[in-house]
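Scroll down for the structure; my scribbles are underneath it.
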Amino acid sequence: MGRYLPAKVQEMGREIRVFMPKFCDVNDRKHQLHEVIRLSGMNLIVNNCDRQLIIKVGSIPSARMQVYFIDNEEYVIDGNSLLNGKKQPLPDTDERLLFFGRGTLEAVRKLAWQPHLINYAGWLTAMIPFYLRRINKENAFFSGTKMVITLVDDGFNGPIGGDLERKMKTDNATAKDLRLYGETNYLGLMKAAITYSQGVIIGSPNAHPELVAFAKENKRNVLDYIEDRDEFYARINKFYDSIVGISKFES
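So in our numbering, the last spot in the sequence shown is 237, and the numbers never skip.
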């Protein structure tokens, strides 16, 4: 979906930007990635340490689509490095969530591109709602931006470890933020993200049923999964319109 959904909705007339972590199996030379100097260079403080935000960009010529990569030497990620052999997160996973969540939104701000809607997918993006709300308290850049989460089949076992509450407090987390992100297992993180989102897309037939039920019980706008890809993407495009049309940013 990360490859074909943005391309499809772009063909339907939307202006899109795609952001993802710089996984180490994405080869810079092969894909002709280059650092975006005007966007890079900011230091993000994670767990009282400065972490350099590096932003690279590459293109998919066949789709006329650019992809921005959020990178940092301390948080290198390969395809399986976030989980051990028992599908348990590695010790610094909480810091990676904080860095990539905030780093993505800071990159968007530096682009001076105010999105009507952010569609994020998977548990690695679970801190995006927290940071978007925090940034809104400091300035109005994301005022009115709606959030849609896509649920996929990416569960893990156990909590993410670390001391997420303490690290969120250094980023001005409210009591409500800390309460929602209090459970740092897969279901807890995703339920927090759902709570702060206006829409939920069921992106896989194997999405966790408890999360699907949670979204519907909490009266989120939910788009159910269908097998036909073209029809599914067309429905998602209409779903975006219904979410952007919601007039009040949820508190």
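Glycine is no exception: its CB is placed at the ideal position from the N, C-alpha and C atoms.
Here the structure is a predicted model, which means the values were calculated and not measured.
Give me the Cα-Cα distance between residue i and residue j, rounded to the nearest whole angstrom.
i: residue -7; j: residue 29; result: 31 angstroms
i: residue 61; j: residue 69; result: 14 angstroms
i: residue 23; j: residue 92; result: 14 angstroms
i: residue 51; j: residue 100; result: 18 angstroms
i: residue 90; j: residue 6; result: 8 angstroms
i: residue 108; j: residue -13; result: 11 angstroms
i: residue -9; j: residue 191; result: 17 angstroms
i: residue 208; j: residue -1; result: 23 angstroms
i: residue 71; j: residue 77; result: 14 angstroms
i: residue 197; j: residue 184; result: 15 angstroms
i: residue 9; j: residue 173; result: 24 angstroms
i: residue 112; j: residue 206; result: 17 angstroms
i: residue 19; j: residue 48; result: 16 angstroms
i: residue 34; j: residue 152; result: 11 angstroms
So for residue i, helix, strand or coil by DSSP?
i: residue 8; result: coil
i: residue 37; result: strand
i: residue 175; result: helix
i: residue 168; result: coil
i: residue 62; result: coil
i: residue 229; result: helix
i: residue 47; result: helix
i: residue 133; result: strand
i: residue 270; result: Here the chain has residues from -13 to 237 only, and residue 270 is not among them.
i: residue 56; result: strand
i: residue 224; result: helix
i: residue -8; result: helix
i: residue 189; result: coil
i: residue 98; result: coil
i: residue 182; result: coil
With 16 other CB atoms within 10 Å as the buried threshold, where does residue i fall?
i: residue 88; result: buried
i: residue 210; result: exposed
i: residue 237; result: Because the pLDDT of residue 237 is 37, which lies under 50, any placement of that residue in the model is unreliable, and the number read from its coordinates should be weighed accordingly. Label assigned to residue 237: exposed.
i: residue 98; result: exposed
i: residue 139; result: exposed
i: residue 73; result: exposed
i: residue 156; result: exposed
i: residue 212; result: exposed
i: residue 195; result: exposed
i: residue 105; result: buried
Report the CB separation of residue i from residue j in whole angstroms; it is logged as a contact under 8 angstroms.
i: residue 53; j: residue 43; result: 7 angstroms
Does the beta carbon of residue i fall short of 6 angstroms from some heavy atom of the ligand NAP?
i: residue 124; result: Annotation note on the ligand NAP: not contained in the displayed structure, which lists no ligands.
Identify every residue that forms a DSSP beta bridge with residue i.
i: residue 42; result: 21 and 55
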